[in-house]
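A.B. asks: In our numbering, the protein residues as written are 2 to 151. Dropping a structure here in structure tokens format, bear with me for questions.
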């Protein structure tokens, strides 16, 4: 996911923003908040709603596998056996980027539906994107205020 910013409007504000962003921009605070928020969201609400919260409802288990799973791991929902995949969402943030991934070796098979029914766990919908934008705006506003630009 890539975001870009186009600045227009009041000429003085546009000039200040361009001057401000021409230096080295450090969005570490908002990038870290984004990584933490999304990794918790993916392992929490996405799993709890079985993908519905991101508009990607997971298909039901095949009947034969559902019977086997109920006997072997009673009460565990789809994509839960040991809990490894659910607890393997990680993130790393820098000054200008956040990377998110899942360390479980079989994650990609489920995420992409390779050989198994697709069950999307990592997707940034409009509501999550809006929250990320709020983190960025807050970070930029704080920095601009500290630089005397607001």
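Think of the CB as a built atom: it goes at the ideal place given N, C-alpha and C, for glycine as much as any other residue.
Which two residues bound the contiguous alpha helix (DSSP H) that contains residue 111?
C.D. replies: Start and end: 108-113.
A.B. asks: What number of angstroms, rounded off, separates the C-alpha of residue 73 from the C-alpha of residue 82?
C.D. replies: Cα to Cα, the separation comes out at about 9 Å.
A.B. asks: From residue 48 to residue 99, what does the alpha carbon distance come to, in whole angstroms?
C.D. replies: Going by the C-alpha atoms only, they are around 21 Å apart.
A.B. asks: Using a 10 Å radius around the Cβ and a threshold of 16 neighbouring Cβ atoms, would you call residue 35 buried or exposed?
C.D. replies: Label assigned to residue 35: buried.
A.B. asks: How big is the Cα-Cα spacing for residue 39 and residue 71?
C.D. replies: Taking the straight line from one Cα to the other gives about 30 Å.
A.B. asks: Between the beta-carbon of residue 44 and the beta-carbon of residue 90, is there less than 7 Å?
C.D. replies: Yes, these two residues count as a Cβ contact at 7 Å.
A.B. asks: For residue 84, which residues in the same chain have their Cβ closer than 7 Å to its Cβ, ignoring the five residues on either side in sequence?
C.D. replies: Here the set comprises nothing.
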